[in-house]
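J.: Residue numbers (the working numbering), protein chains in the order written: chain A, 1 to 255; chain B, 1001 to 1255; chain C, 2001 to 2304; chain D, 3001 to 3304. No residue lacks a Cβ here, since even glycine has one placed at the ideal position from N, Cα and C.
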Amino acid sequence: MGKRVENLKVIDNKHLTEDFCVLELRSELGLPALLPGQFVQVKVEGSPETFLRRPVSVHDVDYSENKLSLLIQVLGKGTETLYKLDKGDCLNLLYPLGNSFSDPLQGESVLLVGGGTGIAPLLYLGKYLKNKGLRPVFLLGFRNLSRVILTEEFNSLGDVYITTEDGSVGEKGYVTDHSVLSKIIFNRIYCCGPDAMMHAVAGFCKNKNINCEVSLENLMACGFGICLCCIAETTRGNLCTCTDGPVFNTKDLKW
Amino acid sequence: MGKRVENLKVIDNKHLTEDFCVLELRSELGLPALLPGQFVQVKVEGSPETFLRRPVSVHDVDYSENKLSLLIQVLGKGTETLYKLDKGDCLNLLYPLGNSFSDPLQGESVLLVGGGTGIAPLLYLGKYLKNKGLRPVFLLGFRNLSRVILTEEFNSLGDVYITTEDGSVGEKGYVTDHSVLSKIIFNRIYCCGPDAMMHAVAGFCKNKNINCEVSLENLMACGFGICLCCIAETTRGNLCTCTDGPVFNTKDLKW
Amino acid sequence: MVNLSVNIGELRFKNPVLTASGTCGYGPELEDFFDVSSLGGIVVKGTTLEPREGNQYPRMAETPSGMLNAVGLQNKGIEYFEKHIYPVIAKYNTHVIINVNGNTIDDYVALSERINKLDKIPAIELNISCPNVKRGGMIFGTNPDSARDVIRAVRAVYKKKLIIKLSPNVTNIVDFARIAEEEGADSVSLVNTLLGMAVDINRMKPSLSTVTGGLSGPAIKPVALRMVWQVSRAVKIPVIGMGGIMTASDAIEFFLAGATAVQIGTATFINPMAPVRILEGIEKYLADKHFSDISEIIGFLNRN
Amino acid sequence: MVNLSVNIGELRFKNPVLTASGTCGYGPELEDFFDVSSLGGIVVKGTTLEPREGNQYPRMAETPSGMLNAVGLQNKGIEYFEKHIYPVIAKYNTHVIINVNGNTIDDYVALSERINKLDKIPAIELNISCPNVKRGGMIFGTNPDSARDVIRAVRAVYKKKLIIKLSPNVTNIVDFARIAEEEGADSVSLVNTLLGMAVDINRMKPSLSTVTGGLSGPAIKPVALRMVWQVSRAVKIPVIGMGGIMTASDAIEFFLAGATAVQIGTATFINPMAPVRILEGIEKYLADKHFSDISEIIGFLNRN
Ligand SMILES: Cc1cc2nc3c(=O)[nH]c(=O)nc-3n(C[C@H](O)[C@H](O)[C@H](O)COP(=O)(O)OP(=O)(O)OC[C@H]3O[C@@H](n4cnc5c(N)ncnc54)[C@H](O)[C@@H]3O)c2cc1C
Ligand SMILES: Cc1cc2nc3c(=O)[nH]c(=O)nc-3n(C[C@H](O)[C@H](O)[C@H](O)COP(=O)(O)OP(=O)(O)OC[C@H]3O[C@@H](n4cnc5c(N)ncnc54)[C@H](O)[C@@H]3O)c2cc1C
Ligand SMILES: Cc1cc2nc3c(=O)[nH]c(=O)nc-3n(C[C@H](O)[C@H](O)[C@H](O)COP(=O)(O)O)c2cc1C
Ligand SMILES: Cc1cc2nc3c(=O)[nH]c(=O)nc-3n(C[C@H](O)[C@H](O)[C@H](O)COP(=O)(O)O)c2cc1C
Ligand code: FES
Ligand code: FES
Chain A
1 MGKRVENLKV IDNKHLTEDF CVLELRSELG LPALLPGQFV QVKVEGSPET FLRRPVSVHD
61 VDYSENKLSL LIQVLGKGTE TLYKLDKGDC LNLLYPLGNS FSDPLQGESV LLVGGGTGIA
121 PLLYLGKYLK NKGLRPVFLL GFRNLSRVIL TEEFNSLGDV YITTEDGSVG EKGYVTDHSV
181 LSKIIFNRIY CCGPDAMMHA VAGFCKNKNI NCEVSLENLM ACGFGICLCC IAETTRGNLC
241 TCTDGPVFNT KDLKW
Chain B
1001 MGKRVENLKV IDNKHLTEDF CVLELRSELG LPALLPGQFV QVKVEGSPET FLRRPVSVHD
1061 VDYSENKLSL LIQVLGKGTE TLYKLDKGDC LNLLYPLGNS FSDPLQGESV LLVGGGTGIA
1121 PLLYLGKYLK NKGLRPVFLL GFRNLSRVIL TEEFNSLGDV YITTEDGSVG EKGYVTDHSV
1181 LSKIIFNRIY CCGPDAMMHA VAGFCKNKNI NCEVSLENLM ACGFGICLCC IAETTRGNLC
1241 TCTDGPVFNT KDLKW
Chain C
2001 MVNLSVNIGE LRFKNPVLTA SGTCGYGPEL EDFFDVSSLG GIVVKGTTLE PREGNQYPRM
2061 AETPSGMLNA VGLQNKGIEY FEKHIYPVIA KYNTHVIINV NGNTIDDYVA LSERINKLDK
2121 IPAIELNISC PNVKRGGMIF GTNPDSARDV IRAVRAVYKK KLIIKLSPNV TNIVDFARIA
2181 EEEGADSVSL VNTLLGMAVD INRMKPSLST VTGGLSGPAI KPVALRMVWQ VSRAVKIPVI
2241 GMGGIMTASD AIEFFLAGAT AVQIGTATFI NPMAPVRILE GIEKYLADKH FSDISEIIGF
2301 LNRN
Chain D
3001 MVNLSVNIGE LRFKNPVLTA SGTCGYGPEL EDFFDVSSLG GIVVKGTTLE PREGNQYPRM
3061 AETPSGMLNA VGLQNKGIEY FEKHIYPVIA KYNTHVIINV NGNTIDDYVA LSERINKLDK
3121 IPAIELNISC PNVKRGGMIF GTNPDSARDV IRAVRAVYKK KLIIKLSPNV TNIVDFARIA
3181 EEEGADSVSL VNTLLGMAVD INRMKPSLST VTGGLSGPAI KPVALRMVWQ VSRAVKIPVI
3241 GMGGIMTASD AIEFFLAGAT AVQIGTATFI NPMAPVRILE GIEKYLADKH FSDISEIIGF
3301 LNRN
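1) Tell me the residue span of the beta strand (DSSP E) that contains MET3060 (chain D).
2) Of all the options D:LYS3014, D:SER3021, D:ARG3059, which has the alpha carbon lying nearest to the alpha carbon of LEU1219 (chain B)?
3) What number of angstroms, rounded off, separates the C-alpha of GLY115 (chain A) from the C-alpha of PHE2269 (chain C)?
4) Taking the continuous alpha helix (DSSP H) assigned at ALA3267 (chain D), which residues delimit it?
5) Nearest-angstrom Cα distance between ARG1236 (chain B) and HIS2095 (chain C)?
6) So LEU1112 (chain B) packs on GLU1006 (chain B), CB below 8 Å; how close in whole Å?
7) What I want to know is whether the C-beta of HIS1059 (chain B) ends up closer than 7 Å to one or more non-hydrogen atoms of ligand 2.
8) What residues are listed by DSSP as bridge partners for ALA2257 (chain C)?
9) With DSSP run on the structure shown, which of helix, strand or coil describes PHE2033 (chain C)?
10) Classify LEU1075 (chain B): buried if its beta carbon has 16 or more other beta carbons within 10 angstroms, exposed otherwise.
11) Are the CB atoms of TYR3057 (chain D) and LYS3045 (chain D) nearer to each other than 8 Å?
12) Nearest CA to the CA of MET1197 (chain B): which residue from B:ILE1185, B:GLU1213, B:PHE1186?
13) Let me have the residue list for ligand 6: C-beta closer than 7 Å to any non-hydrogen atom, ordered along the chain.
14) Check whether the Cβ atoms of LEU2225 (chain C) and VAL3223 (chain D) sit closer than 8 Å, and answer yes or no.
15) Note down, in chain order, all residues in the stretch 33 to 62 of chain A with a beta-carbon under 8 Å from any beta-carbon belonging to chain B.
16) Ligand 4 and GLY3046 (chain D): does the residue's C-beta get closer than 7 Å to at least one heavy atom of that ligand?
17) What's the gap between the Cα of THR3142 (chain D) and the Cα of ASN3101 (chain D)?
18) In the stretch 3023 to 3034 of chain D, which residues sit with their C-beta less than 8 Å from some C-beta in chain B, listed in chain order?
19) Is the separation between the beta-carbon of LEU3256 (chain D) and that of ILE2201 (chain C) shorter than 8 Å?
20) What is the rounded straight-line gap between the Cα of THR2047 (chain C) and the Cα of ALA221 (chain A)?
21) Beta-carbon of LEU3279 (chain D) versus every beta-carbon of chain C: anything under 8 Å?
22) Please report the straight-line C-alpha distance between LEU1071 (chain B) and VAL1042 (chain B), rounded to a whole angstrom.
23) List the residues of chain D that LEU1091 (chain B) touches, going by C-beta distances under 9 Å, in chain order.
24) Rounded to the nearest angstrom, what separates HIS1178 (chain B) and LEU1035 (chain B) at their Cα positions?
25) Is ILE1072 (chain B) near ligand 2, with its Cβ less than 7 Å from a heavy atom?
26) Using a Cβ-Cβ cutoff of less than 6 Å, which residues in the same chain neighbour ALA2099 (chain C) once the five nearest sequence positions on both sides are dropped?
27) Which runs of the beta strand (DSSP E) fall wholly inside the stretch 55 to 86 of chain A and span at least 3 residues, in chain order?
28) Got a sec, what are the start and stop residues for the beta strand (DSSP E) MET3197 (chain D) sits in?
29) Determine which residues share a DSSP beta bridge with ARG2226 (chain C) and list them.
30) Checking 8 Å against the spacing of the C-beta atoms, do LEU258 (chain A) and LYS130 (chain A) come in under that value?
31) Answer with buried or exposed for SER102 (chain A), where buried requires no fewer than 16 other C-beta atoms within 10 angstroms of its C-beta.
32) Indicate whether SER3187 (chain D) and ILE3240 (chain D) have their beta-carbon atoms separated by less than 8 Å.
33) Can you list, in chain order, the residues of the stretch 2267 to 2291 of chain C whose Cβ is nearer than 9 Å to any Cβ on chain A?
34) Using only alpha-carbon positions, find the residue among A:VAL110, A:GLY78, A:LEU140, A:SER57 that is nearest to CYS205 (chain A).
35) What distance in whole Å lies between the Cβ atoms of VAL175 (chain A) and GLY141 (chain A), which are believed to be in contact at a cut-off of 8 Å?
36) Just how far apart, CA to CA, sit HIS59 (chain A) and LYS14 (chain A)?
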């Protein structure tokens, strides 16, 4: 699919918490095909600190309304500006970018593990898998009750297990501590979250010989393969996270 | 008077034409004393192209409501952003800055000559003079009908004569061509406008031995006398337009 | 109609807008966005004899109106280029220029000789200014004697147009431009990135794996422009200007200061269409000002 | 409580935040906004023996995240300073440092000798890096031999703390820092402005009357930071860092890279309160990270 630069309209901006929001955008040209795991590069106008675009995962897609949703966590100036966007504003996107999560094999039992903003791509992936007739299971890690978001949306797609660091919701601890991992045998785990979480999940999968794919959030300048800044060290050498990724099978990573 | 840095509230932004607006600001701290001819330095947020503050003249003041008005002409990125400000927005000001027009002597006949945005300081100066019991006369130069603004406001303070370059309003030509200059004998002329206009007026005054003050719009970095970038060449050497000016008596300038 | 074509020696460029090395891949990466052949030329990725993995992650940091990179010449080597890239880009209807890199003079010479045989490559850009490699690169570009040696050696073997890419990290860039001219180079291109650094105060570590990296983007434009002005007044060979060009207006500043052509770098990361937009804007400026040929504004500042 | 005091030799600064020369007037200009004595020190306007008118207007151009200036050392000369300024600023409860300039070595020496007699001035900053004057200035700061000569001559007559302000417009700034150290300077401060240029494409003229000028502001921060890092690893005398510091976070980058103190320049133009805000932010950072002394973070990057 051809990549493009396009101004999309903000049709809604749902503030979930003080630092999370879901931005709903409409493409007037008609959305291109978007795969789960792909991302967009947004241009944040109006701030000298946001010279480069910001990569954001495809969170949800509604082709019937040409609607693309992004889940944003406020971290710095760029995401702060995105959080403040209003209905009617414009957002310039460079998209679609990156590869996608690979399809599971027939009959595989799959687990989607997410933490923090890492849950962003998992909603669209979950929908995609459900459409394929699978019943994805979600394991979501949050810091505490106040940061638990979007569980209803995930619930509508499959079972949802939760951990919080303080035990205020679900099981206490990190995702890799959750009891579901010892109760159900998964053939394939998709994971997106903080580096430490992805490493822990990758380690767990390696031990159990589970197929594991992670979505990396490396620093990017361009997002479409021309700057070579976003590399991941793989068994095939340094590959670009923005074109060969962001999704990698952990067996290919030098982790 | 102490200079200060303060966030003022935009209480209104009246768009006069496609590129002129009057921004009304309220000081919650209470306005400091402001003299006609003084200016403010505004910080234009949200644009990498507006690193430095932008100098803008005091256009009108209403102490009873702590209201300060600025007349803005859109020229580049900074003024464009100011034009787009909305009721409720904040604007960071460094003010009050600069010297002021000097008081006329008892019984002097005074003319206020302005062109383009140069009319900005003349409204407040006109009010000030009227309060002092004088009847100021205004001579305003515009490019053409579509650029003629604020004549009612000036009319309420004194007689208003107009020139336009194409003769669509008032007399055709430049301000120095206007017939009022040969009909009335003025003792003092205050002028603010494009460089060429101020030079022409200064020349006229020199010939007729009229006291002439101009307000210069030199490029400024700081606005309060610490960078030495805004100099005007005067008979007393290079002086700062932001502290020794912006108002200069033309006999002191090396024009 | 405005004539936009410019020359480096007898090599004619249909227009003066090129993409900068390391910021446009090999060209095909931009095909989604515009027809690469519409540009005056493309300067492909820094290339070496052997494949290189480049530096470790992180290789990038954002800075005010700019960015630091520490890519370190990651590329698959000339052999891979010849086999897999050359056949594709040889079809472009524009000049493809290879950015040549090495650790030693022998490396530069061997690579240049090899590229000399590639019919569809009319010129090389000798990169003696890469700040992101331990050996070679900027070491040649910041020492006049080494610069002369490597240019002379390459000139002896490379028969087509030789462009020398100069480093801005020197006291007097004019010295290096003069050396290039004296040694028979056809053009100089400037500037490469300024050596810079950023620190992550939360982690209390340098932002880049290599500590220092190359600064590019609008932040460096005033320095780049000054150097283009200095060099174009000092040498007779054409100067290719770059450094922070984001808009047509930026490019025009370079032409007025003396650049015969410009390269677009970091701008392409933010807007992949930047090179064509800039080209369109240059044409419009010339038309608005009633110029009929780009040559009328090249070096305009130096005419009075 | 966090200890913020730092030393240059036995000269103690109550905190490491100073204002930069040419960007704070003489101090009184800032009194409307904050108590100047709350800072570690102020480095007043570039001063010469004789009064100077500086360069012609226009002297300023805005650039992406920065500005160019071509003030050219406009000042009323040392006599005026002694008579009219000194009595006022001698009352400050902070260190007042004079930025010393000249066309010739004799100028520098004569001025330094004279300032040596001013009791309340504990240090001078020898400006061998002004890019905006035709003679003196950067010519001394970009030639190692001239730099050594002027530093040696001034060191012979100036008995208090001698700070050498270095130019970033050189291939290797470390060479100049080493020369300063060898010649007995007590500290080096860096960087002065980068030589840059801007063009007004509408008028088709340089934006500055002098064509080139000095680039300051956030645009140059990565270059300044890199130089502070390089120099502080190479010399033992304390390094005063500056260049584009707008926030406490910027200042902390400089400390981590090796600066013992920082100077705030262009930031003050935009927010006259910047120096105090930065000071407050540094204190907060240290407290948040549970440091009790600024010295714990100075040169932190170089410790591992
Ligand atoms: C493929 C991909 C998909 C992403 N998807 C999403 C998403 O769906 N929703 C979302 O909110 N965010 C997502 N991110 C992260 C997002 O791009 C960053 O949070 C954003 O760029 C931060 O910009 P800022 O201006 O707000 O913060 P900045 O001021 O740029 O940074 C704030 C702090 O965060 C750190 N930081 C910023 N970006 C990264 C990064 N990529 N890796 C590590 N540290 C970083 C900085 O070093 C700094 O300390 C994704 C990133 C990638 C690469
Ligand atoms: C004391 C003083 C009072 C002023 N009062 C007003 C006022 O009341 N209302 C108002 O609208 N404007 C006023 N100005 C002018 C105003 O400051 C500029 O128009 C503004 O800074 C332009 O900013 P910008 O970002 O919109 O344009 P920029 O992008 O900065 O500039 C656009 C174009 O205008 C030119 N330009 C900008 N500023 C100046 C200048 N000062 N002199 C000459 N050319 C310039 C630039 O070179 C450029 O070509 C005043 C200026 C001064 C010094
Ligand atoms: C990510 C990146 C990679 C680069 N790689 C090269 C390279 O391989 N060879 C080279 O000569 N210049 C390289 N450069 C420098 C650019 O070609 C250009 O000289 C510089 O970025 C200044 O232009 P700009 O500000 O328009 O980007 C690179 C620049 C960037 C940002
Ligand atoms: C308008 C202006 C005037 C300056 N005058 C002097 C000077 O007289 N002497 C000097 O050593 N440095 C002078 N400088 C340089 C600053 O002291 C400082 O080194 C430089 O601006 C970098 O810091 P900044 O980016 O924080 O401004 C001047 C800078 C500016 C912007
Ligand atoms: S971000 Fe530029 S290559 Fe991946
Ligand atoms: S604008 Fe800085 S001294 Fe006038």
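T.: Taking the geometry as given:
1) Locating residue 3060 (chain D) in the fourth sequence gives position 60, counting from the first residue. Here the beta strand (DSSP E) through MET3060 (chain D) covers 3060 to 3063.
2) Here residue 1219 (chain B) corresponds to residue number 219 of the second sequence, with the count starting at 1. With distances taken between Cα atoms, LEU1219 (chain B) lies closest to D:ARG3059.
3) In the first sequence, counting from the first residue as 1, residue 115 (chain A) sits at position 115. In the third sequence, counting from the first residue as 1, residue 2269 (chain C) sits at position 269. Going by C-alpha positions, GLY115 (chain A) is about 29 Å away from PHE2269 (chain C).
4) Working through the fourth sequence from its first residue, we reach residue 3267 (chain D) at position 267. Start and end: 3267 to 3270.
5) Residue numbering aside, residue 1236 (chain B) sits at position 236 when the second sequence is read from its first letter. Residue numbering aside, residue 2095 (chain C) sits at position 95 when the third sequence is read from its first letter. Roughly 59 Å separates the two Cα atoms.
6) For this step, residue 1112 (chain B) is matched to residue 112 along the second sequence. For this step, residue 1006 (chain B) is matched to residue 6 along the second sequence. Not confirmed; about 29 Å, so no contact.
7) Taking the second sequence and counting its residues from 1, the one referred to as residue 1059 (chain B) is at position 59. Correct: HIS1059 (chain B) has its Cβ closer than 7 Å to ligand 2.
8) Mapped onto the third sequence, residue 2257 (chain C) falls at position 257. Beta-bridge pairing links ALA2257 (chain C) to no other residue.
9) In the third sequence, residue 2033 (chain C) corresponds to position 33, counting from 1. In the three-state reduction of the DSSP assignment, PHE2033 (chain C) falls in the coil class.
10) As a working note, residue 1075 (chain B) is residue 75 in the second sequence. By the neighbour-count rule (16 or more Cβ atoms within 10 Å), LEU1075 (chain B) is not buried but exposed.
11) Start at 1 with the first residue of the fourth sequence, and residue 3057 (chain D) comes out as number 57. Start at 1 with the first residue of the fourth sequence, and residue 3045 (chain D) comes out as number 45. The criterion of a C-beta distance shorter than 8 Å is not satisfied by TYR3057 (chain D) and LYS3045 (chain D).
12) Position 197 of the second sequence, counted from the start, is the residue given in the question as residue 1197 (chain B). Ranking B:ILE1185, B:GLU1213, B:PHE1186 by Cα distance to MET1197 (chain B) puts B:GLU1213 first.
13) The answer, residue by residue, is B:MET1220, B:ALA1221, B:CYS1222, B:GLY1223, B:PHE1224, B:GLY1225, B:ILE1226, B:CYS1227, B:LEU1228, B:CYS1229, B:CYS1230, B:CYS1240, B:THR1241, B:CYS1242, B:THR1243, D:PHE3269.
14) On the third sequence, position 225 is the one that residue 2225 (chain C) refers to. On the fourth sequence, position 223 is the one that residue 3223 (chain D) refers to. Cβ distance not < 8 Å, so LEU2225 (chain C) and VAL3223 (chain D) don't count as in contact.
15) For the stretch 33 to 62 of chain A, which is checked against every Cβ of chain B, the residues closer than 8 Å are GLU45, GLY46, SER47, PRO48, PHE51.
16) On the fourth sequence, residue 3046 (chain D) is found 46 positions in, with the first residue counted as 1. At a threshold of 7 Å, GLY3046 (chain D) counts as near ligand 4, since its beta carbon sits closer than that to one of the ligand's heavy atoms.
17) Residue numbering aside, residue 3142 (chain D) sits at position 142 when the fourth sequence is read from its first letter. Residue numbering aside, residue 3101 (chain D) sits at position 101 when the fourth sequence is read from its first letter. Spanning the two alpha carbons is a distance of roughly 15 Å.
18) So the close ones are THR3023, CYS3024, GLY3025, GLU3029, LEU3030, ASP3032, PHE3033.
19) Start at 1 with the first residue of the fourth sequence, and residue 3256 (chain D) comes out as number 256. Start at 1 with the first residue of the third sequence, and residue 2201 (chain C) comes out as number 201. Yes. Within cutoff.
20) On the third sequence, position 47 is the one that residue 2047 (chain C) refers to. On the first sequence, position 221 is the one that residue 221 (chain A) refers to. The alpha-carbon atoms of THR2047 (chain C) and ALA221 (chain A) are separated by roughly 21 Å.
21) In the fourth sequence, residue 3279 (chain D) corresponds to position 279, counting from 1. By this cut-off, LEU3279 (chain D) is not an interface position.
22) As a position in the second sequence, residue 1071 (chain B) is number 71, starting the count at 1. As a position in the second sequence, residue 1042 (chain B) is number 42, starting the count at 1. Roughly 13 Å separates the two Cα atoms.
23) For the purposes of this step, residue 1091 (chain B) is taken as the residue at position 91 of the second sequence. Those do not exist, as LEU1091 (chain B) stays about 14 Å from chain D at its closest Cβ, beyond 9 Å.
24) Within the second sequence, the letter at position 178 stands for residue 1178 (chain B). Within the second sequence, the letter at position 35 stands for residue 1035 (chain B). Roughly 29 Å separates the two Cα atoms.
25) If you number the second sequence from 1, residue 1072 (chain B) lands on position 72. For ligand 2, at least one heavy atom lies less than 7 Å from the Cβ of ILE1072 (chain B).
26) By 1-based counting over the third sequence, the position of residue 2099 (chain C) is 99. The sequence given here has Asn at residue 2099 (chain C), not Ala. Taken in chain order, the residues that qualify are SER2021, VAL2043, GLY2046, GLU2125, ASN2127.
27) Listed in chain order, the complete beta strand (DSSP E) runs (minimum 3 residues) inside the stretch 55 to 86 of chain A are 60 to 62, 67 to 73.
28) Position 197 of the fourth sequence, counted from the start, is the residue given in the question as residue 3197 (chain D). In the DSSP annotation of this structure, the continuous segment of the beta strand (DSSP E) that includes MET3197 (chain D) starts and ends at 3194 to 3197.
29) Walking along the third sequence from the start, residue 2226 (chain C) turns up at place 226. Assignment of beta-bridge partners to ARG2226 (chain C) by DSSP yields no partner.
30) Outside the shown range of chain A (1 to 255) lies residue 258 (chain A), about which nothing can therefore be said.
31) Translated into the one-based positions of the first sequence, residue 102 (chain A) becomes position 102. Exposed is the call here.
32) Stepping through the fourth sequence from its first residue, residue 3187 (chain D) is reached at position 187. Stepping through the fourth sequence from its first residue, residue 3240 (chain D) is reached at position 240. Yes, the Cβ-Cβ distance between SER3187 (chain D) and ILE3240 (chain D) is below 8 Å.
33) Cβ contacts with chain A: THR2268, PHE2269, ILE2270, ASN2271, PRO2272, MET2273.
34) Residue numbering aside, residue 205 (chain A) sits at position 205 when the first sequence is read from its first letter. When A:VAL110, A:GLY78, A:LEU140, A:SER57 are compared, the shortest CA-CA separation from CYS205 (chain A) is found for A:VAL110.
35) Locating residue 141 (chain A) in the first sequence gives position 141, counting from the first residue. Locating residue 175 (chain A) in the first sequence gives position 175, counting from the first residue. So it is a contact: roughly 4 Å between Cβ atoms.
36) The residue you call residue 59 (chain A) lines up with position 59 of the first sequence. The residue you call residue 14 (chain A) lines up with position 14 of the first sequence. The alpha-carbon atoms of HIS59 (chain A) and LYS14 (chain A) are separated by roughly 13 Å.
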